[in-house]
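Asker: Encoded as structure tokens, here's the structure I'll be asking about.
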Amino acid sequence: MFPENVEKQNQQVKEDKMHNYYRDVWALQNSMNGYPGSFPVGFIKNVKRKWWGQSRLWLFSGSFADPGGVTLDIKNELRPCVQGDCQHLPFKDCSFDFILADPPYSEQESKDLYNLPYCSITKVLSEMLRVCKPGGHVLFLHRIVPTAHPSVSLKDATLTAVVGVYTVAGLTNIRALTVYRKNNTLAEWQGTRHALTA
């Protein structure tokens, strides 16, 4: 093989790895509960099909309730399971196998809709990855698709999906549901390998 062909082949392998994730667009119905930022009708059903976990954490949960999971919001009047700041989670490392955050999408929305300062997206993502169990999923619903930032270590997670989410009624913005799978540690991988060979 000629060197230029090998280089092209290596480049193609790199590109395939970068784009080897689930992609979709979900056209959903508006939420009917009246709280700003509520999940569109059908959103939870679609999430359940692909990434549902046994120990679930919902950040910026608003009025959403999950009888089998833990909701966290800064506003106590919304009755979350835990009142707290999503930038400083009050949980131990590796506590949940499913974490979903749906923060305000801009400083202006945070102020206008919730009368709160805008959060640091990088702090929120870092905390999500910290409390996620290896093999678990981190889901981030926003207008941005976070794939790299110097202050967030994504080396311990693999991008597994990017889904466009919009509502079909009226004027709407499309949001992106970005999904990461937290990688197993070397010790866990070796334990699994040992269990398979024993």
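All the letters of the sequence shown, read from the start, carry residue numbers 0 to 197 under numbering that gives the first Met the number 0. Backbone N, C-alpha and C define an ideal beta-carbon position, used for all residues, glycine too.
Just verifying my parser: in three-state terms, what is the DSSP assignment at D111?
Answerer: helix
Asker: Rounded to the nearest angstrom, what separates P35 and Q82 at their Cα positions?
Answerer: Cα-Cα distance, rounded: 18 Å.
Asker: So, for D65: in the same chain, excluding its five sequence neighbours on each side, which residues have a beta-carbon less than 7 Å away from its beta-carbon?
Answerer: R55, W57
Asker: Could you check what DSSP says for L124 in three-state terms: helix, strand or coil?
Answerer: helix
Asker: What are the residues that DSSP puts in a beta bridge with D23?
Answerer: V162
Asker: Since G61 contacts S30 with CB under 8 Å, what's their CB separation in whole angstroms?
Answerer: No, G61 and S30 are not in contact; Cβ-Cβ is about 10 Å, not under 8 Å.
Asker: Taking 7 Å as the cut-off, decide whether the C-beta atoms of L27 and V46 are in contact.
Answerer: no
Asker: Tell me, which residues are paired with D101 by DSSP?
Answerer: Bridge partners of D101: none, in fact.
Asker: Determine whether the Cβ of S109 lies closer than 7 Å to any Cβ atom of chain B.
Answerer: Among the protein chains of the structure shown there is no chain B, as only one such chain exists.
Asker: Distance, Cα to Cα, L176 vs I43?
Answerer: 12 Å
Asker: Please report how far the alpha carbon of K110 lies from the alpha carbon of R48, in whole angstroms.
Answerer: 34 Å
Asker: With which residues is V81 paired in a DSSP beta bridge?
Answerer: In DSSP, V81 forms a bridge with L71.
Asker: Does DSSP put K132 in a helix, in a strand, or in coil?
Answerer: strand
Asker: Expressed to the nearest angstrom, what Euclidean distance is found between the alpha-carbon atoms of E76 and F63?
Answerer: The straight-line gap from Cα to Cα measures roughly 13 Å.
Asker: Can you tell me which of S105, K91, V123 puts its alpha carbon nearest to the alpha carbon of Y117?
Answerer: Taking the Cα of Y117 as reference, the smallest distance to any Cα among S105, K91, V123 is reached at S105.
Asker: Who are the Cβ neighbours of L112 in its own chain at under 6 Å, not counting the five residues just before and after it?
Answerer: P35
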